[in-house]
Amino acid sequence: MSLDAATKKSIIDEYATSEGDTGSPEVQVALLTKRISDLTGHLKDHKHDHH
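The opening position of the sequence shown corresponds to residue 66 in this note's numbering, with each subsequent residue numbered one higher.
What follows is the structure, encoded as structure tokens:
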């Protein structure tokens, strides 16, 4: 359940504070938020999964 490269790049491009920024809190929070959202949807659909 990881992000594909295109999704990750678009999130980084949207939230980066400067060129090449991948480690700022804004970028990290946006990436984690997307992963949490994806996992929440997966667990709603597959109630017997216990990740």
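Glycine included, every Cβ here is placed at the ideal spot set by N, Cα and C.
Item: Once the 5 residues before and after Thr87 are set aside, which same chain residues still bring their CB inside 8 angstroms of it?; Value: Ile77 and Ala81
Item: Among Ser75, Asp103, His107 and Leu104, which has the Cα closest to the Cα of Val92?; Value: Ser75
Item: So what's Thr71 in DSSP terms, helix, strand or just coil?; Value: First, the amino acid is wrong: residue 71 is Ala here, not Thr. Ala71 falls in the helix class under three-state DSSP.
Item: In this structure, how does DSSP classify Thr105 when only helix, strand and coil are distinguished?; Value: helix
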